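Structure first, commentary second.
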Amino acid sequence: MMNFYLSAAEAPSTAGSLISFIVPLVVLGVVFYFFMYKPQKKQDKEAQDMRDNLQVGDEITTIGGIIGKVVSIKDETMVIETTRDATKIRLLKSAVRSVDVKAEDAKD
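Take 31 as the starting number for the sequence shown in the working numbering and just add one per residue.
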């Protein structure tokens with residue numbers, strides 16, 4: 031008959047196997063943080079700074095592809111003018127993808 035009991039010398043080391051499981055997991059977490067999470071946070075902060083620094087007269091592009099000039103700005107919204115016919119659209123600041131021409135640059 032087989033003996034199903036292991037002696038102390040034959041038992042696998044649980045501490046060693048636990049460490050060999052946790053260390054790669056921690057390393058993977060650190061790599062994930064530095065290559066995924068941190069750059070995304072930096073990009074989000076830059077986009078928020080750009081939206082906070084919008085000025086009347088800036089030419090912008092929205093996330094929907096609408097191009098226009100900022101006419102007025104309130105807390106979380108703004109009004110842009112999109113055509114020569116002075117079509118005005120009210121948008122959220124969060125809808126701005128990029129500032130194409132700053133107001134100071136347009137005056138030069």
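Virtual Cβ for every residue (Gly too), placed ideally from N, Cα, C.
Computed from a predicted model, the values in this text were never measured in an experiment.
Run through DSSP, which three-state label would residue i get?
i, result
"ILE52", "helix"
"ALA130", "The residue you asked about is not Ala; residue 130 is Asp in the sequence shown. Reduced to three states, the DSSP call for ASP130 is strand."
"ASP115", "coil"
"VAL109", "strand"
Alpha carbon to alpha carbon, how far is residue j from residue i? Give it in angstroms, no decimals.
i, j, result
"MET66", "GLN78", "19 Å"
"VAL53", "TYR63", "15 Å"
"SER128", "SER47", "51 Å"
"THR112", "VAL60", "46 Å"
"ARG81", "LYS123", "6 Å"
"GLU134", "GLN85", "9 Å"
"LYS104", "GLN73", "24 Å"
"ILE49", "LYS68", "27 Å"
"LYS75", "ARG120", "24 Å"
"ALA116", "ILE110", "9 Å"
List the whole-angstrom C-beta distance separating residue i from residue j, where the pair is believed to meet the contact cut-off of C-beta under 8 Å.
i, j, result
"ASP88", "LYS118", "So it is not a contact: roughly 15 Å between Cβ atoms."
"THR91", "ALA125", "About 10 Å; that fails the 8 Å criterion."
request  = Ignoring anything shorter than 4 residues or poking outside the stretch 65 to 107, list the alpha helix (DSSP H) runs there in chain order.
outcome  = 68 to 82, all fully within the stretch 65 to 107.
### Task
Decide if the stretch 91 to 99 is in contact with the stretch 54 to 61; the criterion is three or more beta carbon pairs, one per stretch, under 8 Å apart.
The stretch 91 to 99 is not in contact with the stretch 54 to 61.
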